[in-house]
Amino acid sequence: MAGAAAKATAEAAWEAVIGLETHVQLGTDSKIFTCASTAFGDDPNTHIDPVVCGLPGTLPVLNQRVLEYAVKAAMALNLRIAEHSKFDRKQYFYPDLPKNYQISQYDEPIAEEGWIEVEVAEKGKETYLKTIGIERLHMEEDAGKLVHAGSDRLAGSTHSLVDYNRAGVALAEIVSKPDLRTGREAAEYASEIRRIMRYLGVSDGNMQEGSLRCDVNISVRRGPDAPFGTKVEIKNMNSFSAIQKAVEYEIQRQIKAYEAGEPVVQETRLWDEAKQLTKSMRSKEGASDYRYFPDPDLGPIEVSTEQRESWRAELPELPAAKRHRYADQLGLSIYDARVLTDERAMAEYFEAAVAAGGDPKAVTNWVTGDIAAYVNANRLLITELPFQAVQLAEMVQMIESGVISGKIAKEILPELLEKGGSPKAIVAERGLGMLSDPVAITAIVEELLAAHPDEVEAFRGGKNKLQGFFVGQLMKKTGGKADPKLANQILLEKLKG
Amino acid sequence: MGIAAWREQLNSGEVSARELTDHHLARIEAVDPTIHAFLEVTADRARADADRIDAARAAGEELPPLAGVPLAIKDNLCTKGIRTTCSSRMLESFVPPYESTVTERLWNAGGVLLGKTNLDEFAMGSSTETSAFGPSRNPWDPDCVPGGSSGGSSAAVAAGEGLAALGSDTGGSIRQPASFCGVVGLKPTYGRVSRWGLVAFASSLDQVGPFATSVADAAEILQVIAGADPRDATCLKAPVPDYVAALRQPVAGLRVGLVRECFEAEGLDPEVKASVLAAAAQLEALGCDLVDVSCPRFNDGIATYYVIAPSEASANLARYDGVKYGYRAEGAGGLAEMTSRSRAEGFGDEVQRRILIGTYALSAGYVDAFYKKAQQVRTLIRRDFNRAFETVDVLLTPTSPTTAFRFGAHSDDPLAMYLADLLTIPANMAGLPAISVPCGFDSKGLPIGLQLITGVLEEERLLQVAHHYEQAAAVMASRPEAALVP
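As they're listed, the protein sequences go chains A and B. Remember, the working numbering sits 34 above the position in the first sequence when you count from 1. Remember, the working numbering sits 166 above the position in the second sequence when you count from 1.
Laid out in structure tokens, this is it:
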């Protein structure tokens with residue numbers, strides 16, 4: 035920080051204030067107010083019913099699973115769950131909204147006032163933890179999609195088609211406090227939200243399919259005590275790196291505008307991934323009047339203490355808690371803890387292997403190394419892997435106790451990953467057990483030295499590098515099974531004479 | 167003939183369901199060109215349904231409670247495969263792919279659909295004059311309105327074009343036309359009856375209920391349509407008691423409250439007042455105690471209603487935009503023009519007026535002064551009732567300040583029209599059950615109705631008092647002659 039203050043004055047003076055609105059599609063099988071399917075990617079208007087289409091006389095009834103998912107999500111974000119909340123109608127005319135109002139929550143959301151801890155890691159910078167406040171989480175229904183013919187937007191198209199498959203899919207909107215300061219922080223925050231939702235199993239968080247969508251509000255000001263600048267909203271980022279880049283671009287754009295004496299206008303801008311810039315979509319000057327009022331078709335939402343606590347008991351250990359535990363109790367590096375906990379399934383695989391007796395560090399290396407590579411290359415879920423965590427633990431223990439070398443382990447691993455099975459059984463079956471009898475190794479070493487008198491002479495004359503040659507010869511002779519530690523020790527002893 | 171009497175005739179084989187249905191279809195053919203109670207008559211279906219009932223009887227099957235009862239259904243209740251128009255150009259061609267819960271229950275109980283009845287457009291009105299398809303006429307005097315919005319259903323029952331009917335009541339739309347047409351009309355407790363398939367006007371007020379020629383028949387219909395429905399989150403889960411059995415409970419000792427503010431209301435026709443007070447005396451003669459009660463906020467109901475109902479309506483009717491179904495204006499140059507022209511051409515004046523009022527009342531800067539204030543007054547009205555029910559069992563008021571008015575009497579003055587609902591609105595505001603029962607005729611020979619109101623889910627007591635009054639007063643025994651009333 036002290037270094038930053040000494041940097042160029044103009045740029046150091048600017049501070050960005052960033053808040054995120056994250057829409058998370060809750061992964062229930064049916065929609066928020068009716069039993070129509072939420073399946074993604076099917077033919078248009080195949081997952082609709084009279085309620086979805088807002089036909090006259092139809093009524094919404096809250097899907098209780100949506101409430102459960104929203105409350106669980108809220109608890110994982112440390113939000114306070116409201117005992118009573120309600121649904122409101124947010125009114126605006128647009129053809130992707132079948133009723134021309136969206137059932138949402140306005141002034142009494144299901145949850146308020148929470149926070150999450152975000153680990154901000156960036157290449158070349160020190161990783162740090164930051165607590166980001168969360169304003170609220172509320173439930174609402176998603177809208178459908180318009181497909182415009184003859185243009186990519188309504189204006190200029192000859193006609194437009196509407197697909198209501200997405201209409202009525204349950205959303206949790208999570209609003210952060212304006213606690214974020216950089217593009218990286220924004221991306222890490224969004225990524226942590228996604229990770230938490232996936233841990234809970236309440237959303238797949240798929241940004242490409244729109245299961246997780248982020249809108250960023252951003253303004254810049256001259257230092258932390260200055261009043262807020264004009265807020266600009268950015269939409270249309272479908273990856274975390276896009277969020278980071280869009281924020282970084284927008285910060286610079288706003289700073290340049292202010293420094294050039296040009297105003298920053300309150301507006302919505304779209305991130306253009308191809309051109310790597312934000313462009314104006316619409317001005318927000320004439321703020322919309324959504325004419326919110328309580329939806330009379332839906333009664334109050336009541337969550338009893340009993341219900342809430344029974345849902346709380348079902349929450350899994352969350353990524354931040356795991357990261358801390360791995361680092362503090364298992365002695366892993368911050369980096370390893372972060373990689374292992376990125377996906378709940380991987381963390382659970384790791385934990386199962388450790389619980390079965392595998393050394394945490396050794397298990398980490400296998401899981402984040404060869405196993406992760408195999409799973410990714412074959413597009414598998416780690417839960418689908420035939421090689422069980424207990425089998426990994428067995429293998430790690432065999433290395434540790436000197437039964438096999440790491441080299442042998444690497445040799446048998448591809449088969450284990452593909453077919454599973456007991457490493458012990460394979461090693462026994464193929465006679466791959468490590469040669470760790472000092473007498474036998476000594477005999478082989480002596481044989482070797484006798485066969486290469488010139489090299490022995492050279493080593494003793496100071497060519498230390500030749501040790502590698504002897505190790506190679508030894509492994510060759512033993513088919514790689516010699517206990518490397520023991521072999522090195524005996525070899526060095528004999529070489530030195 | 168009432169439903170119980172009909173059941174006996176059907177069971178004894180004296181009259182077949184087909185004969186009863188044909189009788190009503192013939193009656194419709196004879197009088198409906200004048201009355202125009204029906205927007206659509208489903209004669210083929212009615213005959214087929216009746217034949218099925220007769221076949222079931224012939225096969226010795228046990229018949230459901232409303233077997234063969236010919237019914238008229240207000241055209242804002244969705245009927246699968248049968249046009250449901252809400253008397254609006256907007257929905258002139260709308261055929262629902264689903265059945266409303268109430269009608270589904272009627273058909274499961276053996277009811278026979280005669281057809282769909284006229285209403286004020288989207289149930290907004292008190293005379294059927296806002297119907298896009300022309301008004302219905304009052305069978306007692308075809309120059310007078312039948313009341314509204316469920317005027318088609320009340321006229322049909324009064325003219326003998328159906329044994330009973332369903333209507334919907336948002337601010338008096340069952341009780342006021344029942345009063346105008348000299349029939350019984352019941353608005354149940356809010357949530358007693360499912361709203362699934364009822365095209366929404368004001369969702370926190372709308373409630374479906376029966377029209378019948380007797381309290382007992384209204385009880386028979388309520389028995390079938392009441393009860394929990396998983397498709398309506400506002401529908402109450404309370405068990406459904408035996409309403410018909412409740413009619414026989416004695417009324418002696420019940421305390422009947424006369425709401426002072428109603429009898430002092432400006433515009434209350436003296437003939438109506440006298441008739442309702444005579445009915446009070448009749449109840450006293452039956453052993454009830456008459457109590458003078460005050461509900462100071464009673465007459466504030468109408469102002470409150472005309473903020474809340476249009477507010478909800480402005481959102482409920484937003485879906486009619488020409489995009490998905492219903493009327494779409496031809497030749498629009500863009501989306502905004504298509505939406506605004508479809509709505510301007512598809513909705514009538516009264517509907518547009520209420521959408522505008524509601525939009526205004528919910529707009530930023532006005533929502534506190536109008537919508538939120540109205541909700542507060544609504545709470546006060548509810549409290550008034552709660553306090554009144556601490557000292558009385560049932561409240562008595564006139565149903566409407568006047569008897570049926572002539573066509574055009576209020577067409578230039580929406581406010582005068584709104585006053586027709588002055589006495590019925592408070593029960594909607596508080597979600598209470600209320601019933602209109604004929605209690606006499608004015609000097610022009612037009613029917614007068616009294617209104618009884620009880621506490622939430624006290625339909626049994628409501629029907630019980632209404633039934634005992636009806637039996638003792640025998641108003642229809644000395645009714646004036648009317649050519650269109652059988």
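By construction, the Cβ of each residue, glycine as well, lies at the ideal position given by its N, Cα and C atoms. Predicted model, so just to flag it, every value in this text is computed and none were measured.
Residues of the segment 99 to 122 of chain A with Cβ closer than 8 angstroms to any Cβ of chain B, in chain order: none
Member of A:VAL397, A:SER322, A:MET271 whose CA lies at the smallest distance from the CA of LEU304 (chain A): A:MET271
Contact with chain B by LYS133 (chain A), beta-carbon distance below 9 angstroms: Yes, contact with chain B.
Any chain B beta carbon closer than 9 angstroms to SER194 (chain A): yes
Residue-chain proximity (CYS248 (chain A), chain B), Cβ-Cβ < 9 angstroms: no
Bridge-paired residues (DSSP) for ILE442 (chain A): In the DSSP secondary-structure assignment, ILE442 (chain A) is not bridged to any residue.
Straight-line gap, PRO564 (chain B) to GLY276 (chain B) (C-alpha atoms, nearest Å): About 34 angstroms.
Given ARG173 (chain B) as reference, the closest of B:ARG218, B:VAL235, B:GLU195 once Cα atoms are compared: B:VAL235
Test: TRP273 (chain B) CB closer than 9 angstroms to a CB of chain A: no
Within-9 angstroms CB hit, GLU503 (chain B) to chain A: Cβ-Cβ to chain A under 9 angstroms: no for GLU503 (chain B).
Beta-bridge pairing of TRP48 (chain A) - partner residues as DSSP gives them: Beta-bridge pairing links TRP48 (chain A) to A:ARG256.
Cutoff 9 angstroms: SER370 (chain B) Cβ touching any chain A Cβ: yes
Interface positions of the segment 233 to 258 of chain B facing chain A (Cβ-Cβ less than 9 angstroms), listed along the chain: ASN242, LEU243, CYS244, THR250, CYS252, LEU257
Below-9 angstroms beta-carbon distance, PHE260 (chain B) vs any chain A residue: yes
Collapsed DSSP secondary structure at SER441 (chain B) in the structure displayed: helix
Members of the segment 71 to 92 of chain A that neighbour chain B once the beta carbon cut-off is set at 8 angstroms: PRO84, CYS87, GLY88, LEU89, PRO90, GLY91, THR92
Helix, strand or coil at VAL299 (chain A) [DSSP, three-state]: coil
Terminal residues of the alpha helix (DSSP H) in which HIS633 (chain B) lies: 625 to 639
DSSP-derived helix/strand/coil call for ALA451 (chain B): helix
Cβ-Cβ distance between GLU287 (chain B) and ILE194 (chain B) below 9 angstroms: no
Three or more C-beta pairs below 8 angstroms linking the segment 351 to 363 of chain B and the segment 394 to 406 of chain B: yes
6 angstroms Cβ shell around ALA386 (chain A) - same chain, five flanking residues per side excluded: Closer than 6 angstroms at Cβ, skipping near neighbours: ALA423.
Short CB-CB distance (under 9 angstroms) between PRO420 (chain A) and chain B: Using beta-carbon distances, PRO420 (chain A) does not count as an interface residue toward chain B, since no partner is under 9 angstroms.
Within chain A, partners of ARG485 (chain B) - CB distance below 7 angstroms: Neighbours of ARG485 (chain B) on chain A, chain order: GLY88, PRO132, LYS133, ASN134.
Integer Cβ distance of TRP149 (chain A) from ASN112 (chain A), believed to fall under 8 angstroms: Cβ atoms of TRP149 (chain A) and ASN112 (chain A) come within 8 angstroms of each other, at about 5 angstroms.
Exposure label - ILE524 (chain A); buried when at least 16 CB within 10 Å: Buried: at least 16 other Cβ atoms inside 10 Å.
Segment limits, beta strand (DSSP E) that includes TRP149 (chain A): 145 to 154
For LEU483 (chain A) and LYS528 (chain A), believed in contact at Cβ under 8 angstroms, the rounded distance: 6 angstroms
Beta-carbon gap between ALA431 (chain B) and LEU589 (chain B) smaller than 9 angstroms: yes
Backbone CA spacing between ALA39 (chain A) and GLU49 (chain A) [nearest angstrom]: For ALA39 (chain A), the pLDDT reaches just 41, beneath the cut-off of 50, and the residue's location in the model is therefore unreliable, although a value from the coordinates is still provided. Going from the Cα of ALA39 (chain A) to the Cα of GLU49 (chain A) covers about 12 angstroms.
DSSP state of ALA201 (chain A) mapped onto helix, strand, coil: Residue state, collapsed to three classes: coil.
Close-in-space but distant-in-sequence residues of the same chain around LEU650 (chain B) (CB under 6 angstroms, 5 per side omitted): VAL197, PRO305, ALA325
Nearest-angstrom Cα separation, counted from PRO376 (chain B) out to PHE573 (chain B): 25 angstroms
Closer than 9 angstroms to chain B by CB, LEU304 (chain A): no
Cβ shell of PRO592 (chain B) (< 6 angstroms), same chain only, five flanking positions each side left out: PHE464, GLY467, ILE547
Cβ shell of PRO231 (chain B) (< 6 angstroms), same chain only, five flanking positions each side left out: Counting only Cβ-Cβ distances below 6 angstroms, and skipping sequence neighbours, we find ALA275.
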